[in-house]
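Numbering follows the numbering used here, with no gaps: position 40 of the sequence shown is 64. Positions of the beta carbon are idealized from the N, C-alpha and C atoms, including for glycine.
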Amino acid sequence: MTIGIEVSPLHDNEDLSFANLHLFHASCSNAALNKYRNPCTGVYSLKCSCGLELELSDDVISKIFSTATDEQVRTIIVPRAQPIAISSRNKTQ
């Protein structure tokens with residue numbers, strides 16, 4: 025089973041910042057994903073109200089930014105985890 029994440033596209037005047045991204049769990053009635061950053065390690069994670077928790081590698085974050093910028097769908101294979109499909113919120117709504 026693939027985990028679906030949707031990201032709202034970035035606008036031209038928005039800073040490229042993880043804080044500016046709006047992420048949604050596609051399989052959970054498009055619930056907004058909460059972003060967290062571990063202050064000790066700097067590692068970001070996403071949490072959904074359904075209990076889904078994902079720790080994000082730099083590669084996953086890079087792919088999320090790419091999708092927010094160009095709106096292309098990407099699938100990421102994460103070791104020891106389910107694949108993650110990242111799509112633009114505009115493309116799926």
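Taking the Cα positions, residue 97 is about 30 angstroms away from residue 63. Where residue 31 is concerned, the enclosing beta strand (DSSP E) starts and stops at 27-31. Under a 10 Å Cβ-count criterion, residue 113 is classified as buried, with 16 or more other Cβ atoms of the shown protein chains found around its own Cβ.
In the three-state reduction of the DSSP assignment, residue 58 falls in the strand class, which pools E and B. Taking C-alpha positions only, residue 29 is separated from residue 40 by approximately 18 angstroms.
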